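>
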Amino acid sequence: MSTPQTTSMPIDLASKDVSAMDLRSSLIGNRDLKFRVLSDTRLTSQLVDTFRESVHSLTTSTRAIGGEGNFEILQQVEENVVVIQILVSFISELKQLQMLPLEFSPDVVKPLSSSLMEFLNFHIKALASSNNMINDAHMKTIETCAISSLEILMILANLTGAGPHEYSQPLWRYILSSALTAMDSWTDTSSYFDSILQLVPSCLATFTISSTDFHLVAVLLNTLLVRLGKQCSVDSEKARDSTSLSSITTCAAQIFGFFESKSFSPGGLDMVFPLLPNIFKFLSVCIKSSDHASVLASLNLYFFLVKAQEAHQSSGELHGRVESFELIVPKATEMSIHESVSSNIKRLYLLSPTRILSNICLQYPRVTDDIRKTSLDIEIMKKLEANYVSNQTFKLFSSLKKKSNGGTKIVDFSPFLELDSTNVQEISDFLLFLSVFTSEKEEHRERVLSYGNDEKQKSQILPKLLFETVDNFRFLLLQFHLVHSVMNSQDSNNCIQGPDLPFFGNNMGIITRLLASSCFTNNFYLIRSLSRSVSLLRTFFVECNALISLIGSKPQRNSDPFIDRFDTPHHSGGLISNILFSLRDTEAGGDLMESYSRMSSPVSFMRSCRKIQMLNKSIVLGIIANFVLDFSSFRYDIVNDQEFIEHLEYIYTRATSHSVESSSGDDLEGEENILQMETIQLNVLQIIKNYMYNENQENKIEMLSYFKLSTIFDKTLIGVTNEWKNKKISAEVRQLLLKQKIVAFDILRNLTAGSPHFSEHLTEVFERDYLTSIPSSSGAPRDWTEYLIRNIVNYDLFDPNAGDGDDFKNDEVLLSRMNDGDYVSLLLAVNYIEDHRFTNMESFVGYDLPRDELLHIWLRFLKLYVNTDAEGDLDLNTRVAISNGLNSIKLSIVWIIINLTWKDDMVGYQYPSETSYRLYDTVQGGRHGGGAAAPIDTIEIDVDDTEEGKPKDSNSNQHVMSSPLQRARYLRRFGFAKALEMLNDSLTRGTKKAKDANGGNSAGRSVSPGQRFDDFVSNDLLEKVKTAQFQLQSVKVNNGTKSASEKSSYKSLPAATSGHTHRPDVNRGGEGFGYGSDEEYADAYEHSRGSDHDVSDNQSDEVRMESAAEDSEDEPWIR
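Each step along the sequence shown adds one to the number in full-length UniProt numbering, with nothing skipped, and position 368 is 368.
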């Protein structure tokens, strides 16, 4: 016979004297009773008021904190706070399930926040009191109530969207005060501070973070690290088992992760750096632990501390040994291979091992080679394929896209609330790693794309994954605009009725949060990395674009040119159309998303959502910049889009106006907005640059009808006018402006290439139209030549600490600038703009010729060499970088000389049409001109460079310099002939005596002859130098009368025999020595010109893919 179960009497909710103790015991495990309490608004309000009254009685009592009377009140507070905690937790659960009682209103529990903060302040006073005043039992009760109060505040924040936001700073002061007051009393047996630290990430994710809050969080981080460094200094092995130190390690790593997500660098770590050796020793022991959660937290903290240490050392604030990432790379690799994100305890703001490796590889690209040896990339591809095939999120997207009838019907997104996002986050981390791994090396791209289940067949997982993720992103944007159009419909027949409003509101909230997923961002990152490959643009992406979308529409324009209606599913797009749609819809819906986020979500999420959308837009622009390159299969699919340029101009205009508005503020949010907007402008300029390359003149004119030349000129004057010199900008913004300036010059370079129209009128437009529209007080250049010179000489934008223009005369300073790739790129763009002008002009006038000031600069670079003494102090990479930069600049100047002095009927050699040439025969002369042929090696140019031999004022001579013969003579007398002779010697025999800035010998100093096969474009440079020498030399051949000094400087020229000369002894690229041509060392090629202007346009480096350095761009390109 069974024993009858005893049951407690049911509580009478209608009674006015409901005991909190009785209600507490009845509510535990009784969901029906909880639901009944919440449905009774009167009872819920009564419970809230009772709790508030008990807290007020405790905090306003005149008795001592540890007095007997206060203890009775404290017990009442404890009973009431537990009841409130049970009910608030149940409210949160019902809200997730969308099952809240209709009678319940969040306003009923909203007054709890002020009382909770009141009690937390009381707790701070208790901590500050003497230990003799409060016994252990009282303090234990206070701590329990404080933990419950904090948890209730976190839940209220999610329920009401207000709660703790109003008490952000007081809450942080409470947490910080708790840590500082009882720091020394922390023990492994006390769980209070562990509970406090576990709530810190929730506070970070919920609260509105202002600059003051950032400071408070940084102080907490500094306090935790100091405590960790002091306590683990005794014995690292014993400290590893300490519960309190484990909690400190996890919390500190989470705070670092929070700062990382906000792109904020924590300060105030000066007291921590001396303790770093102890902390690193402790973490190195913890990394060997078998506890996954402990290892993950230790990896994160180690990574963030090394990163902070390197940042302070680079700024000169830290001296001594700096730890490296070498210790954690093997462990992170091991965890990435054998573990998964789902197997680890999920901790907010902690990075996964794969994410840590991605950040290390981004900062140190050489690490990717070491990782490749472990086959981690193959293992990640296997995991990526397995997760993608079984992922429920992608399956739900496919189902909803089918139900939407091609994207024309609104579907219910509530099923996403029931899905676990862990696998999606894991896929996101894998995509991020692959994007970094494939960002630079073609070998790594081929390795990833060649992955397959067997050796004979490649896997099709990556094309499908990339395409479907972009397609899902576009589907969300499409649904967002559909829901918005219905919610804002002015048609009374289509207005949303009251009962339907929650459905649309929930749908909008879910869509907004899905759009903020990092999976979409990292997918765009990977597409951008892969699109840097020429071969993949013609193969892999063609395969991706062949996939058909389940959604499609034929847009119909309405009153707003940038918001389209999607009415009929007549068109299904591929990858490229989806990317273009995503760019347009992101721009059109950006403000709408921000508005909806502001209404329904915490302010912190709204800002985060805006940042992610700006980042996605920036990455998509970078993808399009690669897709519009001349050799891309999709160039004309994009440029032939009638609305593409119009949308591009709209994006640029909005980014410019928002950047100006944000610059008026001094807060962190304003600085972040400026970075985002400047990055978007940079990527738009990159698209224009690639669009202009090798494009016909008509399309260039069409592009300029949207992007005026004045816009491009504005960017080229960055750092030159008074406006920029007096402007206070951060280092990150300065770097973005510098890149904009370089790309703007590249746009002018591509604009003038192969275009006589723009080449002839560019200077006229700049001086007549642009300069006249700028106030004279701006400090802008007065003419074209000054414009070029000031951009070359002024180095302030590249280095704010650079000296004045006199440093341009210092060889060491100028050579150090050759190691600056940005400065070299700027000089090359300026030089080739001039080269294109001289190449494409039908006729020269004195006004078009370079003035002496510019000629002096070009001559300065031609006479610049690396002396052997300085070369010995440089490492190999620096020496090669300096030599490559200097050779590239010299080559651009030599091209200018060639095109300035070229004229078919004045210079050169007549090629008889009946003459047949043998292999290796060369003809020294013009392409169609007449004259004698001469082997270059027999010519020794020696022009008198004394004041008597130098040309006089160029302005007095320019009117008689309309012919190539006169220009060549002028350049010879200026000193270019001797500079070319010295350059020829250094590239062949090697010149051992250096020349100073004026061409004189510098005693006791020698220069490095340079290795032709080690340096960039060295073979091209040698051949073009000989061509330029011959053209300047031909001046004397055709001039007839020579001066005595000129006559004595010649060796007799041999007469041409049989219409050809023997090939000079020149090694063209190292045939027979195991070397290839220069084209194998650079992605460059020469473009031959036609019969009238058959001089190479020399845009060898104009076809350049968007580099990884230009992504750290948009923000750095990766977070």
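From the three backbone atoms N, C-alpha and C, an ideal C-beta is built for every residue, glycine too.
Fair warning: this is a prediction, and the values are worked out from it, not measured in the lab.
1) Over the uninterrupted alpha helix (DSSP H) stretch that includes residue 724, give me the two end residues.
2) Tell me whether the stretch 415–426 and the stretch 367–381 touch, counting them as touching only if at least three CB pairs, one residue from each stretch, are closer than 8 angstroms.
3) Give me the Cα-Cα distance between residue 452 and residue 337, rounded to the nearest whole angstrom.
4) Pick from 360, 261, 135, 900: whose alpha carbon is nearest that of residue 966?
5) Could you check where the alpha helix (DSSP H) with residue 486 kicks off and where it finishes?
6) Taking buried to mean at least 16 other C-beta atoms within 10 Å of its own C-beta, is residue 812 buried or exposed?
7) As a quick exercise: from 465, 476, 422, pick the residue whose alpha carbon is nearest that of residue 400.
8) Buried or exposed for residue 260, going by 16 or more other Cβ atoms inside 10 Å?
9) Please look up how many angstroms separate the CB atoms of residue 91 and residue 38, rounded, as I've assumed it's under 8 angstroms.
10) Can you confirm whether the stretch 633–651 touches the stretch 709–724 when touching is taken to mean that 3 or more C-beta pairs between the two stretches lie within less than 8 angstroms?
11) Just verifying my parser: in three-state terms, what is the DSSP assignment at residue 895?
12) Look up residue 692 in the DSSP assignment and say whether it is helix, strand or coil.
13) Where does residue 268 land, buried or exposed, given buried means 16+ other C-beta within 10 angstroms?
14) Are the stretch 291–310 and the stretch 632–641 in contact at 8 angstroms, needing three or more beta carbon pairs?
15) Below 8 angstroms on the Cβ atoms is my contact criterion, and I expect residue 232 with residue 279 to pass it. Report the Cβ-Cβ distance as a whole number of Å.
16) Comparing alpha-carbon positions, which option in 263, 352, 275, 247 lies nearest residue 299?
17) Taking 9 angstroms as the threshold (C-beta atoms), are residue 691 and residue 628 in contact?
18) Out of curiosity, what's the CA-to-CA distance linking residue 540 and residue 458?
19) The alpha helix (DSSP H) with residue 21 in it runs from where to where?
20) For the alpha helix (DSSP H) holding residue 259, just list the boundary residues, first then last.
21) Rounded to the nearest angstrom, what separates residue 94 and residue 202 at their Cα positions?
22) What did DSSP end up calling residue 795 once you bin it into helix, strand or coil?
23) Check the C-beta distance from residue 328 over to residue 364 and give it rounded, since I have them as a contact under 8 angstroms.
24) I need the straight-line Cα distance from residue 170 to residue 304, nearest angstrom please.
25) Please list, in chain order, all residues of the same chain as residue 658 whose beta carbon is under 6 angstroms from its beta carbon, the five residues on each side excluded.
26) Buried or exposed: residue 29, going by 16 or more other Cβ atoms within 10 Å of its Cβ?
27) Can you tell me where the alpha helix (DSSP H) holding residue 377 begins and where it ends?
28) What is the residue span of the alpha helix (DSSP H) that residue 829 lies within?
29) Within the continuous alpha helix (DSSP H) that includes residue 326, where are the two ends?
30) Using C-beta distances below 6 angstroms, list every residue in its chain close to residue 947, excluding the 5 sequence neighbours before and after it, in chain order.
31) State the CB to CB distance for the pair residue 654 and residue 582, rounded to an integer number of angstroms; the pair is presumed to be in contact (CB under 8 angstroms).
32) With 16 other CB atoms within 10 Å as the buried threshold, where does residue 618 fall?
33) Using the C-alpha atoms, what's the distance from residue 73 back to residue 20?
34) May I ask you to report which of helix, strand or coil DSSP gives residue 415?
35) Residue 414 to residue 506, Cα distance in whole Å?
36) In whole angstroms, what is the alpha-carbon distance linking residue 717 and residue 963?
Reading it off the structure:
1) 722–725
2) no
3) 18 angstroms
4) 900
5) 461–487
6) exposed
7) 476
8) buried
9) 7 angstroms
10) no
11) helix
12) helix
13) exposed
14) no
15) 7 angstroms
16) 352
17) yes
18) 12 angstroms
19) 20–27
20) 243–261
21) 20 angstroms
22) coil
23) Between residue 364 and residue 328 the Cβ distance is about 12 angstroms, and since that is not below 8 angstroms, they are no contact.
24) 27 angstroms
25) 677
26) exposed
27) 376–390
28) 821–840
29) Note, residue 326: premise wrong, no alpha helix (DSSP H); not H, not E.
30) Model confidence at residue 947 stands at a pLDDT of 36, short of 50, so the residue's coordinates are unreliable; what they give is reported in the following sentence. Counting only Cβ-Cβ distances below 6 angstroms, and skipping sequence neighbours, we find nothing.
31) Rounded, the Cβ-Cβ distance is 17 angstroms, inconsistent with contact.
32) buried
33) 13 angstroms
34) helix
35) 8 angstroms
36) 33 angstroms
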